[in-house]
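Chemist:
There are 2 protein chains.
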Amino acid sequence: MEYYKKDSDILLAIDCIIFGFNGESLEILLIKRDFEPERNKWSLMGGFVQSDEAPEAAAHRILKQLTGLENVYMEQCSVFGEPNREPNDRVVSICYFALIDTQKYKHILSDNYEAKWFPLQKYPKLIFDHDQMIASAQYRLRMKAALYPILFELLPEKFTIPQIAALYEGVYSIELDKRNFSRKLLSSGLIIKLQEKDKENSKKGAYYFKLNTAIYKEKIMSFLRYLPSWSLET
Amino acid sequence: MEYYKKDSDILLAIDCIIFGFNGESLEILLIKRDFEPERNKWSLMGGFVQSDEAPEAAAHRILKQLTGLENVYMEQCSVFGEPNREPNDRVVSICYFALIDTQKYKHILSDNYEAKWFPLQKYPKLIFDHDQMIASAQYRLRMKAALYPILFELLPEKFTIPQIAALYEGVYSIELDKRNFSRKLLSSGLIIKLQEKDKENSKKGAYYFKLNTAIYKEKIMSFLRYLPSWSLET
DNA sequence: AATAATTAGTGTCAAATAAACATTTATTTT
DNA sequence: AAAATAAATGTTTATTTGACACTAATTATT
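Protein chains in written order, with the numbering used here: chain A, 308 to 541; chain B, 308 to 541.
1. Starting from Val356 of chain B, follow the alpha helix (DSSP H) in both directions and report where the run begins and ends.
2. Determine whether the Cβ of Ile317 of chain B lies closer than 7 Å to any Cβ atom of chain A.
3. Taking its Cβ as the centre, do 16 or more other Cβ atoms sit within 10 Å of Lys506 of chain A, making it buried, or is it exposed?
4. By alpha-carbon positions, which one of B:Ser385, B:Phe328, B:Met352, B:Thr467 ends up nearest to Gln439 of chain B?
5. Flag Ala472 of chain A as yes if its beta-carbon sits less than 7 Å from any beta-carbon of chain B, otherwise no.
6. Just the chain A side, please: which residues come within less than 7 Å of Met440 of chain B by C-beta, in chain order?
7. Whole-angstrom Cβ separation of Leu518 of chain B and Phe328 of chain B, contact assumed at under 8 Å?
8. Can you tell me which of A:Phe425, A:Ile317, A:Ile498 puts its alpha carbon nearest to the alpha carbon of Ile324 of chain A?
9. What would DSSP say about Gln428 of chain B, mapped onto helix, strand or coil?
10. Report yes or no: is there a C-beta of chain B within less than 7 Å of the C-beta of Arg486 of chain A?
11. Apply the 10 Å Cβ neighbour rule to Ala442 of chain B and answer buried if 16 or more other Cβ atoms are within range, or exposed otherwise.
12. Report yes if the C-beta distance between Ile369 of chain B and Ile321 of chain B is below 7 Å; otherwise report no.
13. Met450 of chain B and Leu454 of chain A look like a contact to me (Cβ under 8 Å); what is the Cβ gap, rounded to whole Å?
14. Of all the residues that make up the region 362 to 373 of chain A, which are near chain B by a beta-carbon distance shorter than 7 Å?
15. Excluding the 5 residues preceding and the 5 following Lys526 of chain A in the sequence, name in chain order all residues of the same chain whose CB lies nearer than 6 Å to its CB.
16. Quick one: what's got a C-beta closer than 7 Å to Leu373 of chain A's C-beta in the same chain, skipping five residues either side?
17. DSSP has Cys384 of chain B in a bridge; who is on the other side?
18. Using the Cα positions of Ser400 of chain B and Phe404 of chain A, report the straight-line distance between them to the nearest angstrom.
19. In whole angstroms, give me the CA-to-CA distance for Gly388 of chain B and Lys511 of chain B.
20. How about Pro390 of chain A: is its C-beta nearer than 7 Å to some C-beta of chain B?
21. Starting from Gln445 of chain A, follow the alpha helix (DSSP H) in both directions and report where the run begins and ends.
22. Taking only three categories from DSSP, how would you classify Arg397 of chain B?
23. Do Tyr479 of chain A and Leu501 of chain A have their C-beta atoms within less than 7 Å of each other?
24. Hey, is Ser443 of chain B's beta-carbon within less than 7 Å of any beta-carbon in chain A?
25. Using the Cα positions of Tyr523 of chain B and Ala452 of chain B, report the straight-line distance between them to the nearest angstrom.
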């Protein structure tokens, strides 16, 4: 028994904006499309939602298929559905953004997949409205990261304070006073100092830190307690 | 020429979570469904995206058709698409939340439409996953309102400080110190004091204020400048 | 007519936080 | 041994917050 109507001529797709951080700048992962239309052009990771599949599941499946990446932080962002956003069919696409630690998955990516990292500042021309999708994802990332410490999802297990600073600077396109930044970060209790130092990136070497997962989870769950103070801005 | 496949068995729908503020508490606008399945049960405003229609346009059309409301603040929030979220068809629904000033539209609503306001704290049982949709919209409203002064969209042209305070208390389920709240709000430059007083709600009467639209637009556009200070929480 | 009750609006002050800036430390290069 | 580099810690002042007390305007009560 059909209540509505038999079929839709709208196809439902997924596109993934995959953010990575190489220790210096923010990057996105793009792929060379291997199907028509626009074959061989650069695009976001995409695919269709199957009829028995939840959009979240589709997003994870597509990411896995195209890049081999699994268990990454992923979040729904906006839907793009202008009637003529694709030339030949009516496709409405749900966007997801993913945050991944590029170090961890370097080997996976290089081997089997035609995916490539590009700086967020300078990536090739993309098909359809994928530029807008990236812009919208970036906006969402900024908004979310202003309230929650999710940017740590982009960092490896061990990271240095200069790295986090560079990450925040990249995400918000700002320059931070590293001294004040560092003090604030340390006082949050969010990170735990290790004995080991990173000697790769500087002469003196910077101490590694790891995430205090207990405090991280607490902070990522509730922003409410903080609200009264700045719910109205300055 | 078809590149993908002929048709999808996924139907694309819209549901609108409409928030209003009656001066005391937050409310949502619900409607008695007049079609199957689940006819005559309470639900969110919903409908289908037409094949030549952008989702945003569909959301506004549906809102207009079901309530007569036009030119309201509306924003995309999450997509619900579990395969079995509706019993008879595969329907994926894009949710929008709207913020409206209940005063302004009181007359429109009462006349022609079977829509009714319910307190966000206590509304009737809803169909499908509409409860989750409301919860998710509420979460998004809180998040957005923590960074931008969008809650003013819920207030009439003229409003009093006690009203705004009650609104923030409603949205975040908190109690505010009205004195500190008021000071902060005034120092933001966001509101302009009028000569007139609201004598309805208190003996002494509270001064009306109006929004400083210049500052409002500035604040609603960019939160970036504010970020460095609390990008890492307290 | 005086007093109590209610809610609005202003004021005070100490503690916490943020912003701006200076110095010291560890290491490598010359 | 000195210079260069980047990390880490320290200092000082201004601003913001949070907690609290008071005054002001009006209506209801006696």
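All C-beta atoms, glycine included, are put in the ideal place defined by N, C-alpha and C.
Modeler: Straight from the coordinates:
1. Per DSSP, Val356 of chain B belongs to no alpha helix (DSSP H) and is neither H nor E.
2. yes
3. So Lys506 of chain A ends up on the exposed side.
4. Considering only alpha carbons, the answer is B:Ser385.
5. no
6. The contacting residues do not exist; Met440 of chain B stays about 13 Å from chain A at best.
7. Their Cβ separation, rounded to whole angstroms, is 15 Å, which puts Leu518 of chain B and Phe328 of chain B out of contact at 8 Å.
8. A:Phe425
9. Looking at Gln428 of chain B - three-state DSSP - the assignment turns out to be coil, as it is neither helix nor strand.
10. no
11. exposed
12. yes
13. 6 Å
14. Pro362
15. Pro456
16. Ile338, Met352, Tyr420, Ala422
17. BP columns for Cys384 of chain B are empty, so no partner.
18. 19 Å
19. 52 Å
20. Closer than 7 Å: yes.
21. 437 to 454
22. strand
23. no
24. no
25. About 13 Å.
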